[in-house]
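Undergrad:
Residue numbers (the working numbering): 12 to 438.
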C-alpha cells in the first residue's frame, strides 16, 4: 500500500525543503510540493515534522548471542526503529566472538526490525593476541573492533592495521590505556570523583592511545575510526590528523556531547559509562569539533544492562547506558534548540556522516530505498525509561522533557515504528 507523507520538511542532499513524499512498496516514488493522493494511499500528516533519511548508528551493543538477558537483536532493533535508526552496526563483544565468518550474527537476518551490520573482532576472542580471520571477514562486516577493551600491544595493532588496510576495511578503535586507569576507576578523574572519593579515569588514558593509533594509521595507511571520543586532547589530535590528510574519523555520543561530570546529581549507575562523562571543557571541545568537521558522526554506544547490573551506583554498576531511543530528541533539545548546532548539521552527523565511514550513500530521492524517519519537532515529552522498547532502562536523560521524538520510521518501505505527532501511540 502506498503512503503519502504530507506537509513536512524533507532533508536531502544537505538541505531542508518543504515537500510531500510518496512511498510505494519499498521505494520512494515521488518528492515534491502538493503531491496528489494516490488511490488507496494512506496519508501521514507531517506538519511540524522533518522527514530525514533513516539514521545510521556506528556503535551499538545488541548483546546477542550470549547476553540476551540484557538485550536481543529483536529488542535492540525495535529500540533503534523507535529512535529513527534504520542501520545499526553491532559491536563484537558477544559470545561467541565474531572472529571468523562462521560466527557472524545469525539473528540479524531472522529477528532484526532494521538493518544490522556487524563488526568483527580485531583479535580472536577479543583477547588482544592472535588476529581474527580479517581477509575472510572484511567483505561481510562494517569494520573491525575490539570495543570494550582495545588492543594493548602496539605490535598486534600494527599487524591488524596492515591486514585491515590490505582488505580495504577500517579499524574502529576503543582507545584506552588500561595501565593508566586506577583499580576500580569508575568515573572521570574530576570534581565528582573527588567529592565522592571514587577512583577517577584520567583523560590521558584515552588520548594517549588515540595518539598511538593515529601514528599507526599514518604508518600503515589503514583507515582509523576513533570510537566514543570524550576528551578535548583527543579532539585536538583527531583535528590535526585530519588536517594532515590522514584517513582518520571519529564519533561522539549524545551523553558526552550534552553532559559533564559536574552535572551528575547522585551516585547512580545510570551515569556510569566508559568513557565517562568528562569535564565541562571537554564537552565544549566536543561540540566545537562537531561544528568544524573534526567529529564526522554521532553514535550512541547503546549498551544495555539489566536493572540489577545498574543498581550498584558508580562502584557496583557495570559500565554502559542505553541511547537509541533518546539520541535525536536529546541532541535536538540540548544543542539545536539553544542554537549551538544547526539542524542540518545534526542530521548530517546522523546520516551522511556515518554512511560515508561505511562507504555508503543513502538519500531521499525518487527510486531510492524508502528507509526514513519522520521527526516531530513540536511535541514535548518526558523521557520515561519504563516505556523503552530496549530491555535496558539506564539512561542519564531519565525524567527530562525533550522535543524531536521520531513519529514514524520506515525501513525498506515497511512501517517499523509509529508514534503519531502529539499522541502517545506506539507501534
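Idealized CB from N, CA, C, for every residue including glycine.
Spell out a yes or no on whether the stretch 153 to 162 and the stretch 98 to 108 are touching, meaning 3 or more CB-CB pairs, one atom from each, closer than 8 Å.
TA: In short, these stretches touch, since the Cβ pair count reaches three.
Undergrad: Looking at C-alpha atoms only, which residue of 14, 296, 12 and 29 is the closest neighbour of residue 20?
TA: When only C-alpha atoms are compared, the closest one is 29.
Undergrad: Throw me the rounded Cβ distance for the residue 306 and residue 383 pair, which I believe falls under 8 Å.
TA: Not quite, the Cβ-Cβ distance comes to about 24 Å (not below 8 Å), so this is no contact.
Undergrad: Going by the beta-carbon positions, is the gap between residue 163 and residue 139 smaller than 8 Å?
TA: yes
Undergrad: Using the DSSP secondary-structure output, state which residues sit across from residue 183 in a beta bridge.
TA: DSSP output for residue 183 lists 236 as bridge partner(s).
Undergrad: Taking the Cβ atom as the reference point for each residue, do residue 37 and residue 16 lie within a distance shorter than 8 Å?
TA: No, they are not a contact pair.
Undergrad: Could you check the C-alpha separation between residue 43 and residue 331 for me, to the nearest Å?
TA: 43 Å
Undergrad: For residue 292, count neighbouring C-beta atoms within 10 Å of its own C-beta (all shown protein chains included) and say buried if the count is 16 or more, exposed if not.
TA: exposed
Undergrad: Using the Cα positions of residue 273 and residue 203, report the straight-line distance between them to the nearest angstrom.
TA: One C-alpha to the other measures close to 6 Å.
Undergrad: Which same chain residues, not among the five before or five after residue 340, have their C-beta less than 7 Å away from its C-beta?
TA: 413, 414, 415 and 416
Undergrad: Compute the beta-carbon to beta-carbon distance between residue 246 and residue 69, rounded to the nearest angstrom, for a pair I have assumed lies under 8 Å.
TA: Not a contact, Cβ separation roughly 17 Å.
Undergrad: Quick check on residue 321: buried or exposed, where buried means 16 or more other Cβ atoms within 10 Å of its Cβ?
TA: buried
Undergrad: Which one of 359, 429, 425 and 369 has the shortest CA to CA distance from residue 64?
TA: 359
Undergrad: Does DSSP put residue 417 in a helix, in a strand, or in coil?
TA: strand
Undergrad: Give the range of the beta strand (DSSP E) segment to which residue 401 is assigned.
TA: No beta strand (DSSP E) contains residue 401, which DSSP labels as neither H nor E.
Undergrad: Go ahead and label residue 370 buried or exposed: buried means 16 or more other beta carbons lie within 10 angstroms of its beta carbon, across all protein chains shown.
TA: exposed
Undergrad: Since residue 309 sits in a beta bridge, which residues does DSSP pair it with?
TA: 263
Undergrad: Please state whether the Cβ-Cβ distance between residue 329 and residue 316 is less than 8 Å.
TA: Taking 8 Å as the Cβ cut-off, residue 329 and residue 316 qualify as a contacting pair.
Undergrad: Counting only runs of 4+ residues fully inside the stretch 168 to 224, write out the alpha helix (DSSP H) ranges in chain order.
TA: 202 to 207
Undergrad: Measuring alpha carbon to alpha carbon, tell me which of 145, 388, 55 and 238 ends up nearest residue 7.
TA: As shown, the chain starts at 12 and ends at 438. That puts residue 7 outside it, with no answer to give.
Undergrad: With DSSP collapsed to three states, give me the class of residue 249.
TA: helix
Undergrad: If you reduce the DSSP assignment to three classes, tell me which class residue 26 lands in.
TA: strand
Undergrad: Give the single residue among 343, 67 and 214 whose Cα lies nearest to the Cα of residue 389.
TA: 343
Undergrad: May I ask you to report which of helix, strand or coil DSSP gives residue 330?
TA: Here residue 330 sits in coil by DSSP.
Undergrad: Following the continuous alpha helix (DSSP H) through residue 339, name the residue where it begins and the one where it ends.
TA: 338 to 342
Undergrad: Using DSSP's beta-bridge definition, name the partner residues of residue 429.
TA: Looking at the DSSP assignment, residue 429 forms a beta bridge with 419.
Undergrad: Taking residue 296 as part of the alpha helix (DSSP H), name the residues at either end of that continuous run.
TA: 291 to 303
Undergrad: When the Cα of residue 134 is compared with those of 124, 111, 116 and 119, which residue comes out closest?
TA: Per the Cα distances, 111.
Undergrad: Which same chain residues, not among the five before or five after residue 170, have their C-beta less than 8 Å away from its C-beta?
TA: Hits under 8 Å: 142.
Undergrad: In whole angstroms, give me the CA-to-CA distance for residue 224 and residue 47.
TA: A straight-line Cα-Cα distance of about 54 Å links residue 224 and residue 47.
Undergrad: Using DSSP with H/G/I as helix, E/B as strand and the rest coil, what is residue 393?
TA: strand
Undergrad: Please state the DSSP three-state secondary structure of residue 122.
TA: helix
Undergrad: Could you tell me the boundaries of the beta strand (DSSP E) in which residue 42 lies?
TA: 38 to 43
Undergrad: Using a threshold of 8 Å, state whether the C-beta atoms of residue 236 and residue 188 are closer than that.
TA: In this structure, residue 188 does not lie closer than 8 Å to residue 236 by Cβ.
Undergrad: Using a Cβ-Cβ cutoff of less than 6 Å, which residues in the same chain neighbour residue 284 once the five nearest sequence positions on both sides are dropped?
TA: 330, 331 and 332
Undergrad: Any idea what DSSP makes of residue 436, helix, strand or coil?
TA: Low confidence applies here, because residue 436 scores a pLDDT of 36, under 50, leaving its location unreliable; read the following figure in that light. The three-state reading of DSSP puts residue 436 in coil, since its state is none of H, G, I, E or B.
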